[in-house]
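At position 293 of the sequence shown (counting the first as 1) the number is 303 in our numbering, and the numbers step up by one without a gap.
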Amino acid sequence: MDDMIFAIQVRKNLMCQATRAVSGLRWLLGMMAALVLVSCSPPPELIGVDNPKVPVATVQTATKQKIFLMTTRQQTETVGALFSDQRAPELGLASVQVSIPPTHVVGELERAKRLPPDPRTEFAVVEPTIYASDDAFIASINRELAKIPKGQRDILFFVHGYNNTTSDAVLRLAQFVEDSDFQGVPVLFDWASAARLTRYVYDLNSALIARPRFPEIGAIMARTNAEGYDILAHSMGAFLTMEGMKDAVQTGRFNSTGRLQTIILASPDIDMDLFRSQLEQINTKFDRFFVLLSEDDSALSISRRIAGGVPRVGASNIDELAKLGVIAIDLSKISDSSSGSHSKFAGSPEVVQLIGHGLNDNSRFDRKQRATQLGDVLGGLPIMVAFE
């Protein structure tokens with residue numbers, strides 16, 4: 011009788027395991043099918059591709075944004091790419107000119123579905139320039155800063171997220187700068203993402219490989235004539251930024267120039283336990299630290315599944331975040347983002363413009379007042395703002 015009961019129990023366990031395996035397999039196959047559908051026709055790379063029939067220079071009503079790049083990608087000869095998904099051993103320096111069409115709508119990114127782009131109705135990226143030295147790169151940034159009135163000569167340092175090509179990151183930053191009306195100079199940290207949904211682990215490792223470049227980046231930024239710096243990091247780029255900050259604190263380099271004004275982590279793809287540990291190691295009272303979260307973030311929901319169910323910071327509970335000493339801003343009720351739930355910082359017209367207002371107003375406030383400026387501004391939306 012005991013043998014029979016044991017056999018029945020074993021059979022039940024095997025059936026449960028088989029059911030779980032089938033369920034997991036169905037979820038995995040569903041995810042793979044969705045990924046294949048999404049990634050079938052990626053938009054073309056645009057860098058350096060002008061339209062011979064309608065050149066960018068002929069569209070006088072288009073807006074131009076010069077974007078500077080610091081990258082850990084290798085250069086490539088592939089048309090429109092400029093940089094590949096391969097990791098480079100040294101930091102690369104470049105710039106491009108982005109043309110925003112006169113028909114542009116705030117929050118939208120009117121990207122060409124085929125080459126060449128039409129600058130009358132679509133974004134275009136021209137004049138790619140590779141700098142042979144730090145000095146040449148810094149001199150070019152300083153020329154752009156000199157065009158801006160004193161008191162507004164800031165740099166916005168943007169760190170893109172997972173699944174981005176150089177074109178993706180450049181276009182997103184240009185759109186954000188245009189729609190936020192940021193008054194300073196934008197600089198992109200373009201780390202070597204594979205730009206494929208199925209290469210999450212490759213991207214995570216690329217972010218870690220890029221982390222040691224932060225001291226070099228900081229040294230270059232410190233040599234510019236910028237009056238202040240703002241950091242905006244999205245998704246996995248927030249993970250990279252936090253790791254870089256942690257290293258800087260441990261070596262005594264964090265904000266050594268005193269010019270760091272604001273840190274914004276938008277939809278951070280960071281393990282909640284890891285984020286808590288990072289903050290403990292940073293152990294800084296830096297008081298202009300914002301986290302933009304949204305509990306309906308579909309991309310972070312998938313990331314959570316990949317991570318074994320561990321919550322991601324960008325889709326966590328606002329009260330839990332506020333207890334960690336950051337200014338947590340909940341965008342869950344924002345539903346007008348043209349870029350989906352994972353990029354509300356740029357895709358929502360209200361959010362992108364109010365973030366820009368907060369960044370541009372930095373120079374009008376002393377250190378203590380700046381700490382609450384962005385939170386106060388975003389508090390005008392139907393969202394929650396929580397402080398420690």
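By construction, the Cβ of each residue, glycine as well, lies at the ideal position given by its N, Cα and C atoms.
Using the C-alpha atoms, what's the distance from Thr131 back to Thr71?
Here residue 71 corresponds to residue number 61 of the sequence shown, with the count starting at 1. Here residue 131 corresponds to residue number 121 of the sequence shown, with the count starting at 1. Those two C-alpha atoms are separated by around 11 Å.
With DSSP run on the structure shown, which of helix, strand or coil describes Thr176?
Walking along the sequence shown from the start, residue 176 turns up at place 166. Three-state DSSP puts Thr176 in a helix.
Can you check whether the CB of Ile77 is closer than 8 Å to the CB of Val108?
Within the sequence shown, numbered from 1, the residue matching residue 108 stands at position 98. Within the sequence shown, numbered from 1, the residue matching residue 77 stands at position 67. Their beta carbons are under 8 Å apart, which means Val108 touches Ile77 by this criterion.
What whole-angstrom Cβ distance do Leu181 and Leu119 have, given they're in contact under 8 Å?
Numbered from 1 along the sequence shown, position 171 holds the residue referred to as residue 181. Numbered from 1 along the sequence shown, position 109 holds the residue referred to as residue 119. That belief holds up - the Cβ atoms of Leu181 and Leu119 are roughly 6 Å apart, short of 8 Å.
Between Asn61 and the ligand NAP, is the CB less than 7 Å from at least one heavy atom?
This structure lacks the ligand NAP, and indeed carries no ligand of any kind.
On the three-state DSSP scale, how would you describe Leu93?
Here residue 93 refers to the residue found at position 83 of the sequence shown. The residue asked about is misnamed: residue 93 is Phe in this sequence, not Leu. If DSSP states are grouped into helix, strand and coil, Phe93 belongs with the strands.
According to the neighbour-count rule (16 or more other Cβ atoms, all chains shown, within 10 Å of its Cβ), is Gln242 buried or exposed?
Along the sequence shown, one-based indexing puts residue 242 at 232. According to the sequence provided, residue 242 is Leu. The question's Gln does not apply to it. It counts as buried.
From which residue to which residue does the alpha helix (DSSP H) around Asp329 run?
Counted from its first residue, the sequence shown places residue 329 at position 319. Run containing Asp329: Ile328 to Ala332, per the alpha helix (DSSP H) assignment.
Let me know the secondary structure DSSP gives Phe355 once reduced to three states.
Indexing the sequence shown from 1 puts residue 355 at position 345. Assigned with DSSP and collapsed to three states, Phe355 falls in helix.
So, under 8 Å CB-CB, Phe300 and Ile274 are touching, yes? Tell me the CB distance rounded to an integer number of Å.
Numbered from its first residue, the sequence shown carries residue 300 at position 290. Numbered from its first residue, the sequence shown carries residue 274 at position 264. Contact flag correct, Cβ pair sits at about 5 Å.
Express the C-alpha separation of Lys333 and Ile57 in angstroms, rounding to a whole number.
Locating residue 57 in the sequence shown gives position 47, where the first residue counts as 1. Locating residue 333 in the sequence shown gives position 323, where the first residue counts as 1. For the pair Ile57 and Lys333, the Cα-to-Cα distance works out to about 43 Å.
Give me the Cα-Cα distance between Ser353 and Ala276, rounded to the nearest whole angstrom.
On the sequence shown, position 343 is the one that residue 353 refers to. On the sequence shown, position 266 is the one that residue 276 refers to. So the two alpha carbons sit approximately 8 Å from each other.
Could you give the first and the last residue of the continuous beta strand (DSSP E) run that contains Gly238?
Numbered from its first residue, the sequence shown carries residue 238 at position 228. Here the beta strand (DSSP E) through Gly238 covers Gly238 to His244.
Hey, how far is the Cα of Gly90 from the Cα of Val106?
Residue mapping note: residue 90 aligns to position 80 of the sequence shown, counting from 1. Residue mapping note: residue 106 aligns to position 96 of the sequence shown, counting from 1. Using only the alpha carbons, I get a separation of about 12 Å.
How many Å lie between Asp283 and Thr86 at the Cα?
Taking the sequence shown and counting its residues from 1, one reaches residue 283 at position 273. Taking the sequence shown and counting its residues from 1, one reaches residue 86 at position 76. Taking the straight line from one Cα to the other gives about 38 Å.
Please check the pair Ala220 and Phe249, which I expect to be a contact at CB under 8 Å, by giving their CB distance rounded to whole angstroms.
Numbered from its first residue, the sequence shown carries residue 220 at position 210. Numbered from its first residue, the sequence shown carries residue 249 at position 239. That pair is no contact at about 11 Å.
Look at the Cβ atom of Val187, then the Cβ atom of Pro127, and state whether they are nearer than 8 Å.
For the purposes of this step, residue 187 is identified with residue 177 of the sequence shown, where counting begins at 1. For the purposes of this step, residue 127 is identified with residue 117 of the sequence shown, where counting begins at 1. The answer is no: Cβ separation not under 8 Å.
So Ile165 and Phe199 are supposed to be a Cβ contact under 8 Å. How far apart are they, rounded?
Locating residue 165 in the sequence shown gives position 155, counting from the first residue. Locating residue 199 in the sequence shown gives position 189, counting from the first residue. Not a contact, Cβ separation roughly 12 Å.
Quick check on this structure: which residue in Ala134, Arg286, Glu237 and Leu183 has the alpha carbon closest to the alpha carbon of Thr68?
Stepping through the sequence shown from its first residue, residue 68 is reached at position 58. When only C-alpha atoms are compared, the closest one is Ala134.
So, with DSSP's three-state summary, where would you put Leu39?
As a working note, residue 39 is residue 29 in the sequence shown. Only weak support is given to the placement of Leu39: the predicted model assigns it a pLDDT of 44, under 50, and the question is left unresolved by the model.
In its own chain, which residues sit with a C-beta less than 7 Å from the C-beta of His139, not counting the 5 before and 5 after it?
Here residue 139 is taken as the residue at index 129 of the sequence shown, counted from 1. Correcting the residue type first, residue 139 is Thr in the shown sequence and not His. Contacts found: Ala104 and Ser105.
What residue range does the beta strand (DSSP E) around Glu154 cover?
Reading the sequence shown from its first residue, position 144 is the one you call residue 154. For Glu154, there is no enclosing beta strand (DSSP E); the residue is found in the alpha helix (DSSP H) stretching over Asp144 to Ala156.
Just to confirm, are Asn370 and Gln185 a CB contact at a threshold of 8 Å?
What you label residue 370 is simply residue 360 of the sequence shown in a count that begins at 1. What you label residue 185 is simply residue 175 of the sequence shown in a count that begins at 1. It is not a contact, given that the beta carbons lie outside the stated cut-off.
In this structure, how does DSSP classify Gln288 when only helix, strand and coil are distinguished?
Sequence index remark: in the sequence shown, residue 288 carries index 278 (1-based). DSSP places Gln288 in helix when its eight states are reduced to three.
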